[in-house]
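J.: Let me give you the structure first, and then I'll get to my questions.
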Amino acid sequence: MALTPFRIKMKKYLTLGILLAVIFGAFLYLKSDYKNAPPTLYFNGNIITINDQQPTANAMLVVDGIIQSIGKRASIEHQNIKNLQKRDLKGATIMPGFIDVHTHFALSMFLSEMHDLSGFKHDNNEEVWRHFEKIAKNAKAEEWLIFKGLDPILVSDLEIPSLSYLDSITPNNPILIFSQSLHNYLVNTKAFEKASITNDTPNPSSHSFYERDSSGKLTGMIVEQEAVKPFVDILRDEVLTAKLMSRASENVMSDYAKNGNTTVVSTGLTINDKKPLILLQHLSDKNPTLLGGLLAKIGQFPARQPFPRHFIYMRHDMTNLLPKKRTNTNDFYDIIGIKHWYDGSPYIGTMYMDAPYLDTELTTQKLAIPKQSKGEALINEEALREFIKFYHAKGWQIAIHTQGDAAIKDVIKAYKNLEPELDFSKSRHRLEHCLMLPQSQINDLKALNLSPSFHVNHLYYYGDALYTDVLGEARTNKILPIHSTHKEGIKVTLHADQPMFESKPFRLIQTAVERKTDTGRIIAADESVSLLDAIKMLTIDAAWQIDMENKIGSLEKGKYADFIILDKNPFDVSIEKLDQIQCLETFVNGNKVEGKR
């Protein structure tokens, strides 16, 4: 029986309807997400708000991820809230989640799956290389072997191996060893061959190079990031599978949260293209994307769950990944700025200083720093000014790596020279690490609205070496002038520079208050800050540094419910035990971060 025109039309409509239903169903399936926490009244707690107008509270009402009310329980109206959950904290301490303003998430993912040669795992030279040889012995032929943590300061008797030793232990495996500072590396001949690096290969630049002996032969040592890039590119293709990176991303983000971090900031994201950004957005954004949802459903990405917020400064050499303009529209995941390096590391001789490194056995032999070296700037002053001028005009926040006093002076001078033509009155540009920030430059920092983030672990882990072998007593007693900077009304922050050191906020806080090295030596005691100020440097002041102080960083009505529950009140324990405080639970946008580990 022939179909009438009406039936033909109805069949088309039915087919179209089914197709639209399938598309809509697929859309809902891919956009499905974890269930948000119900409205919750937390009460009978010791709530440290980090809000000067209301320093403490004993109850907090959270609805849809926002703090609706905070104060005394009797003053909080909650009778008409549907599905309200009530949680008795039984006297537990709550405070705002920490904000890690300078970390390296992608590199942390990469290194989390690698073999550890660090002083945190091994006590001496023999242990380090015994572990190396054990790993090599059990490896399959042609398998890449990646190691991390090599450090002649944390392992005081460490001997840097020759290329011939590396080749004798790993003749059939390419290897790459990251130093603890992440500024120099070791490879063997097999790895050089993989990367097509020969004795005749030109160095990428004067400050990033393949070390050669007096006869011009490669030694296996690589200095700074440009020179190691060919090896990392190969690893991305041959080692870093989607499954491995998915697992690593989930584990690393869980570890940030377990240490009490509710926000992480990647300061100089090391990636080659936009693909990793899809994963990072999938992990942290408030809502799933269609592509992220699809990749999660087919097992290429981890399943969505609550994780810390993530904000990103792109590298200066990856500007093609910057959005066309800064929008400030995403409170959970966003690219917020750009980072450059003006000098390098104190521990490989690339920190740029006014006076030379000390000539000691550690510096000249173990660290291979040339005698009387002062380090050098990684870019010229004109290029620095053009960089600042271009990205400031585009509205991007700028972060510049500066360790040495000469480097810091040059960067401040560049901003000062640009002040007549650029308006810095509302900018929040940053200086990173600031080991040797001179007292004489602090007033200029304030005038230019420059905000430093201090790598305070330099003091705890390397303070003794800086004091006796690298800088000497006089210069070391001037490092990390946190109190002097803070008392001038400048917003400052603290960071661990993970994966150089694990992001453990209470360890940073304790060091900022005590000013003690890991052996107990006190360095510049007058630069100590109060416990409350140190906590603010990792909460509300850190929020200010990323332009989020009105939304996170303290527990106040109208802000996001990003908070942690602790096993102890930091104001009730002795200073020397601050780093023993445990984070029991972490909440982002009112949702508990369960994590994986």
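Under my numbering, residues 1082 to 1678 are what the sequence shown spells out, in order.
Glycine is no exception: its CB is placed at the ideal position from the N, C-alpha and C atoms.
1. Please name the residue in E1569, R1588, V1304, T1598 whose C-alpha comes closest to that of N1558.
2. Considering only C-alpha positions, which residue in the set S1296, L1561, D1181, P1651 is nearest to S1679?
3. For K1229 and L1198, which I take to be in contact (beta-carbon distance under 8 Å), what is that distance rounded to the nearest angstrom?
4. To the nearest angstrom, how far is it from the Cα of T1282 to the Cα of A1495?
5. Between which two residues does the alpha helix (DSSP H) harbouring T1592 extend?
6. Cβ of F1382 within 8 Å of Cβ of A1338?
7. Tell me whether S1330 is buried or exposed, calling it buried when 16 or more other Cβ atoms sit within 10 Å of its Cβ.
8. If I measure Cβ to Cβ from T1370 and keep anything under 8 Å in the same chain, skipping five residues before and after, which residues do I get?
9. Is A1449 helix, strand or coil by DSSP?
10. Which residues mark the beginning and the end of the beta strand (DSSP E) in which K1229 is found?
11. Where R1678 and I1523 are concerned, what is the direct C-alpha to C-alpha distance, given to the nearest angstrom?
12. According to the Cβ coordinates, are F1468 and H1421 closer than 8 Å?
13. Out of L1376, S1150, A1605, which one is the CA nearest neighbour of T1121?
14. According to DSSP, W1422 sits in a beta bridge with which residue or residues?
15. Can you give the Cα-Cα distance for M1517 and A1606, rounded to whole angstroms?
16. If we ignore side chains and look at the alpha-carbon of each, how far apart do S1245 and N1670 end up?
17. Considering only C-alpha positions, which residue in the set P1119, D1145, K1153, S1335 is nearest to L1130?
18. Hey, how far is the Cα of L1540 from the Cα of L1247?
19. On a CA-only basis, which of K1455, L1226, K1218, G1349 is nearest V1551? Give me that one, please.
20. With 16 as the cutoff for other CB atoms within 10 Å, does L1372 come out buried or exposed?
21. Taking Cβ positions, are G1634 and A1623 nearer each other than 8 Å?
22. Out of P1357, N1332, N1461, I1616, point me to the one whose CA is closest to I1590's CA.
23. Please confirm whether L1612 and P1586 have their CB atoms less than 8 Å apart.
24. Buried or exposed for E1675, please, with buried defined as at least 16 other CB atoms from any protein chain shown within 10 angstroms of its CB.
25. Using CA atoms only, rank isn't needed, just tell me which of T1483, T1351, A1308, L1526 is closest to S1508.
26. Should the segment 1258-1269 be regarded as contacting the segment 1298-1305, the criterion being three or more beta carbon pairs within less than 8 Å?
27. What's the C-alpha gap between V1594 and A1480?
28. What are the partner residues of R1168, as DSSP defines its beta bridges?
29. Assuming F1273 is part of the alpha helix (DSSP H), what are its boundary residues?
30. Could you check the C-alpha separation between H1564 and K1572 for me, to the nearest Å?
31. Judging by CA-CA distance, which residue of D1114, G1425, V1345, I1250 is the nearest neighbour of R1211?
32. Can you tell me whether N1342 is buried or exposed, with buried defined as 16 or more other CB within 10 angstroms of its CB?
33. Tell me whether Y1115 is buried or exposed, calling it buried when 16 or more other Cβ atoms sit within 10 Å of its Cβ.
34. Report back the beta-carbon spacing between T1445 and K1452 to the nearest angstrom; my notes put them in contact at under 8 Å.
35. For A1546, which residues of its own chain have a beta-carbon under 7 Å away from its beta-carbon, when the five flanking residues on both sides are left out?
T.: Taking the definition as stated:
1. Within the sequence shown, residue 1558 is the residue found at index 477, counting from 1. Ranking the options by Cα distance to N1558, first place goes to T1598.
2. The structure shown does not extend to residue 1679, since the chain is modelled only from 1082 to 1678, so the question has no answer here.
3. Translated into the one-based positions of the sequence shown, residue 1229 becomes position 148. Translated into the one-based positions of the sequence shown, residue 1198 becomes position 117. That belief holds up - the Cβ atoms of K1229 and L1198 are roughly 7 Å apart, short of 8 Å.
4. Numbered from its first residue, the sequence shown carries residue 1282 at position 201. Numbered from its first residue, the sequence shown carries residue 1495 at position 414. Between T1282 and A1495, the C-alpha separation is close to 34 Å.
5. Taking the first residue of the sequence shown as 1, we reach residue 1592 at position 511. T1592 -> alpha helix (DSSP H) spans 1586-1595.
6. Walking along the sequence shown from the start, residue 1382 turns up at place 301. Walking along the sequence shown from the start, residue 1338 turns up at place 257. No.
7. The residue labelled residue 1330 in the question sits at position 249 within the sequence shown. Buried, by the Cβ-count rule.
8. Numbered from 1 along the sequence shown, position 289 holds the residue referred to as residue 1370. Answer for T1370: I1359, Q1362, H1363, listed in chain order.
9. Taking the sequence shown and counting its residues from 1, one reaches residue 1449 at position 368. DSSP places A1449 in coil when its eight states are reduced to three.
10. Looking up residue 1229 in the sequence shown gives position 148. Per DSSP, K1229 belongs to the beta strand (DSSP E) from 1226-1231.
11. For the purposes of this step, residue 1678 is identified with residue 597 of the sequence shown, where counting begins at 1. For the purposes of this step, residue 1523 is identified with residue 442 of the sequence shown, where counting begins at 1. Because R1678 carries a pLDDT of 46, less than 50, the predicted location of this residue cannot be relied on, and no value is offered for it.
12. Taking the first residue of the sequence shown as position 1, residue 1468 is located at position 387. Taking the first residue of the sequence shown as position 1, residue 1421 is located at position 340. Against a cut-off of 8 Å, the Cβ pair of H1421 and F1468 comes out as a contact.
13. Taking the first residue of the sequence shown as 1, we reach residue 1121 at position 40. The shortest Cα separation from T1121 among L1376, S1150, A1605 belongs to S1150.
14. Position 341 of the sequence shown, counted from the start, is the residue given in the question as residue 1422. Beta-bridge pairing links W1422 to H1482.
15. Counting from one through the sequence shown, the residue named residue 1517 turns up at place 436. Counting from one through the sequence shown, the residue named residue 1606 turns up at place 525. Approximately 16 Å between the Cα atoms of the pair.
16. For the purposes of this step, residue 1245 is identified with residue 164 of the sequence shown, where counting begins at 1. For the purposes of this step, residue 1670 is identified with residue 589 of the sequence shown, where counting begins at 1. C-alpha separation (whole angstroms): 54 Å.
17. For the purposes of this step, residue 1130 is identified with residue 49 of the sequence shown, where counting begins at 1. Sequence check: residue 1130 is Thr here, not Leu. Closest by alpha carbon: K1153.
18. The residue given as residue 1540 occupies position 459 in the sequence shown. The residue given as residue 1247 occupies position 166 in the sequence shown. L1540 and L1247: Cα-Cα distance of roughly 32 Å.
19. Reading the sequence shown from its first residue, position 470 is the one you call residue 1551. Here the closest residue by C-alpha is K1455.
20. If you number the sequence shown from 1, residue 1372 lands on position 291. The residue in question, L1372, is exposed, as its Cβ has fewer than 16 Cβ neighbours within 10 Å.
21. Along the sequence shown, read from residue 1 onward, the residue named residue 1634 stands at position 553. Along the sequence shown, read from residue 1 onward, the residue named residue 1623 stands at position 542. In this structure, A1623 lies closer than 8 Å to G1634 by Cβ.
22. Counting from one through the sequence shown, the residue named residue 1590 turns up at place 509. Taking only the C-alpha atoms, the option nearest I1590 is I1616.
23. Translated into positions along the sequence shown, residue 1612 becomes position 531. Translated into positions along the sequence shown, residue 1586 becomes position 505. No, these two residues do not count as a Cβ contact at 8 Å.
24. As a working mapping, residue 1675 is identified with position 594 in the sequence shown. Answer is exposed; the Cβ neighbour count stays below 16.
25. Taking the sequence shown and counting its residues from 1, the one referred to as residue 1508 is at position 427. Here the closest residue by C-alpha is L1526.
26. yes
27. Along the sequence shown, one-based indexing puts residue 1594 at 513. Along the sequence shown, one-based indexing puts residue 1480 at 399. Looking at the two C-alpha atoms, the distance is approximately 25 Å.
28. Position 87 of the sequence shown, counting from 1, holds the residue named residue 1168. Its beta-bridge partners are Y1123.
29. If you number the sequence shown from 1, residue 1273 lands on position 192. Looking at the DSSP string, the run of the alpha helix (DSSP H) that includes F1273 is 1270-1275.
30. Position 483 of the sequence shown, counted from the first residue, corresponds to residue 1564. Position 491 of the sequence shown, counted from the first residue, corresponds to residue 1572. About 11 Å.
31. As a working note, residue 1211 is residue 130 in the sequence shown. Closest option to R1211, Cα to Cα, is I1250.
32. Taking the first residue of the sequence shown as position 1, residue 1342 is located at position 261. With 16 or more other Cβ atoms within 10 Å, it is buried.
33. As a position in the sequence shown, residue 1115 is number 34, starting the count at 1. Exposed: under 16 other Cβ atoms inside 10 Å.
34. Along the sequence shown, read from residue 1 onward, the residue named residue 1445 stands at position 364. Along the sequence shown, read from residue 1 onward, the residue named residue 1452 stands at position 371. About 6 Å separates the two Cβ atoms, so the contact holds.
35. Position 465 of the sequence shown, counting from 1, holds the residue named residue 1546. The residues are I1234, L1443.
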